[in-house]
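*Asks:*
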Amino acid sequence: MSGDLPWDEYVAALRPQGELCITKIPNKPVAFGALGLIGGEKSIVGGETGLVSDRAEMLAFTARHGIKPIPPQEPFIPAPLIRAIRTAWDNAGPAQGAGSRPGCALSPEASASLCP
22 MSGDLPWDEY
32 VAALRPQGEL
42 CITKIPNKPV
52 AFGALGLIGG
62 EKSIVGGETG
72 LVSDRAEMLA
82 FTARHGIKPI
92 PPQEPFIPAP
102 LIRAIRTAWD
112 NAGPAQGAGS
122 RPGCALSPEA
132 SASLCP
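All residue numbers for the sequence shown refer to the working numbering, where the first residue is 22 and numbers rise by one.
1) When DSSP labels each residue in this structure, what does Gly-60 get in the three-state scheme?
2) Provide the residue span of the beta strand (DSSP E) that contains Ile-43, from first to last.
3) Classify Ile-98 as helix, strand or coil using the three-state DSSP reduction.
4) For Ile-106, is the classification buried or exposed, using 16 other Cβ atoms within 10 angstroms of its Cβ as the cut-off for buried?
5) Can you give the beta carbon distance from Thr-83 to Thr-44, rounded, assuming they're within the 8 Å contact cut?
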């Protein structure tokens with residue numbers, strides 16, 4: 022994992038009081054601005070994911086017991102697409118109704134998380 026990632030963009034994409042969890046040791050220092058964290062009461066945390074042997078044991082356990090993953094309900098939306106949607110919304114003029122965004126085809130949950 023590179024330390025040269027757009028960390029400020031990741032923090033900006035978090036909801037208020039959201040957490041960004043780093044689970045792998047980056048090969049370079051991680052840098053981000055404090056304003057994005059403080060303004061939205063956001064945080065960056067770290068978590069250990071375990072050894073390869075631990076993951077192998079966990080996967081064997083899930084296979085034995087028929088445990089399947091639950092896919093997310095909303096698709097992952099890449100940061101450049103989020104920026105493009107926000108730019109389009111900002112340039113679209115007044116909303117077409119209370120709480121709506123013109124031309125928005127996202128679910129209310131996804132729309133709420135993307136609205137500035």
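Ideal Cβ placement from N, Cα and C applies to all residues, glycine included.
*Replies:* With the given structure in hand:
1) What you label residue 60 is simply residue 39 of the sequence shown in a count that begins at 1. Of the three classes helix, strand and coil, the one that applies to Gly-60 here is helix, per DSSP.
2) As a working note, residue 43 is residue 22 in the sequence shown. Boundaries of the beta strand (DSSP E) around Ile-43: 40-43.
3) Numbered from its first residue, the sequence shown carries residue 98 at position 77. Ile-98 carries a coil assignment under DSSP once its states are collapsed to helix, strand and coil.
4) Here residue 106 refers to the residue found at position 85 when the sequence shown is read from its first residue. With 16 or more other Cβ atoms inside 10 Å of its own Cβ, Ile-106 counts as buried.
5) As a first step, residue 83 must be located in the sequence shown, where it is residue number 62. As a first step, residue 44 must be located in the sequence shown, where it is residue number 23. The pair is not a contact, with the Cβ atoms about 19 Å apart (cut-off 8 Å).
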